[in-house]
Amino acid sequence: MSNFIRLIICCLIIFLVFWSIDFTSELSLFTITFSSIALGYGLNMFWKLYKKFQMNVEDR
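Okay, so the sequence shown: first residue is 147 according to the numbering used here, each after it adds one.
Written out as C-alpha coordinates, the structure is:
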(Lines of atoms letter the chains of each structure in order from A and count residues from 1; the text may use other names and numbers.)
(Lines give C-alpha, C1' and ligand atoms only; values in the text may rest on other atoms or scores of the structure.)
Protein backbone atom coordinates (compact mmCIF):
# COMPACT_ATOMS: atom_id res chain seq x y z
CA MET A 1 0.00 0.00 0.00
CA SER A 2 1.29 3.41 -0.88
CA ASN A 3 2.62 5.58 1.92
CA PHE A 4 0.34 8.46 0.87
CA ILE A 5 -2.76 6.25 0.97
CA ARG A 6 -1.81 5.02 4.45
CA LEU A 7 -1.35 8.62 5.54
CA ILE A 8 -4.81 9.55 4.24
CA ILE A 9 -6.36 6.55 6.00
CA CYS A 10 -4.68 7.45 9.31
CA CYS A 11 -5.76 11.08 9.04
CA LEU A 12 -9.31 10.03 8.25
CA ILE A 13 -9.40 7.69 11.25
CA ILE A 14 -8.20 10.43 13.61
CA PHE A 15 -10.64 12.93 12.08
CA LEU A 16 -13.56 10.52 12.56
CA VAL A 17 -12.52 9.90 16.17
CA PHE A 18 -12.53 13.65 16.82
CA TRP A 19 -15.88 13.96 15.06
CA SER A 20 -17.46 11.05 16.99
CA ILE A 21 -16.29 12.39 20.37
CA ASP A 22 -17.96 15.67 19.37
CA PHE A 23 -14.95 17.93 19.71
CA THR A 24 -16.56 20.05 16.99
CA SER A 25 -18.44 22.06 19.58
CA GLU A 26 -15.20 22.96 21.39
CA LEU A 27 -12.73 23.25 18.51
CA SER A 28 -12.93 24.82 15.08
CA LEU A 29 -12.96 22.68 11.95
CA PHE A 30 -9.50 23.99 11.01
CA THR A 31 -8.07 22.91 14.37
CA ILE A 32 -9.62 19.46 14.09
CA THR A 33 -8.33 19.07 10.53
CA PHE A 34 -4.81 20.22 11.45
CA SER A 35 -4.73 17.97 14.52
CA SER A 36 -5.98 14.97 12.57
CA ILE A 37 -3.29 15.52 9.93
CA ALA A 38 -0.57 15.81 12.59
CA LEU A 39 -1.73 12.82 14.60
CA GLY A 40 -2.44 10.85 11.43
CA TYR A 41 1.13 11.48 10.28
CA GLY A 42 2.40 10.24 13.65
CA LEU A 43 0.17 7.17 13.47
CA ASN A 44 1.42 6.50 9.95
CA MET A 45 5.05 6.72 11.11
CA PHE A 46 4.30 4.29 13.96
CA TRP A 47 2.54 1.93 11.52
CA LYS A 48 5.53 2.06 9.15
CA LEU A 49 7.98 1.42 12.01
CA TYR A 50 5.88 -1.52 13.22
CA LYS A 51 5.87 -3.05 9.72
CA LYS A 52 9.67 -2.67 9.51
CA PHE A 53 10.06 -4.25 12.96
CA GLN A 54 7.74 -7.10 11.99
CA MET A 55 9.75 -7.78 8.82
CA ASN A 56 13.01 -7.84 10.83
CA VAL A 57 11.55 -10.30 13.32
CA GLU A 58 10.29 -12.60 10.55
CA ASP A 59 13.73 -12.65 8.90
CA ARG A 60 15.38 -14.16 11.97
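For every residue, glycine included, the Cβ atom is placed at its ideal position computed from N, Cα and C.
To the nearest angstrom, how far is the alpha carbon of residue i from that of residue j?
i, j, result
"N149", "W165", "24 Å"
"S174", "F161", "12 Å"
"F176", "K198", "33 Å"
"W168", "D205", "Going by the sequence as given, residue 168 is Asp instead of Trp. Approximately 44 Å between the Cα atoms of the pair."
"E172", "L185", "18 Å"
Start and end of the alpha helix (DSSP H) containing residue i?
i, result
"D205", "L175 to D205"
"S171", "Per DSSP, S171 belongs to no alpha helix (DSSP H) and is neither H nor E."
What residue from the options has the CA that sits closest to residue i's CA?
i, options, result
"I159", "S174, L173 and Y187", "Y187"
"I178", "C157, D205, Q200 and R206", "C157"
"S181", "V203, N202, V163 and Q200", "V163"
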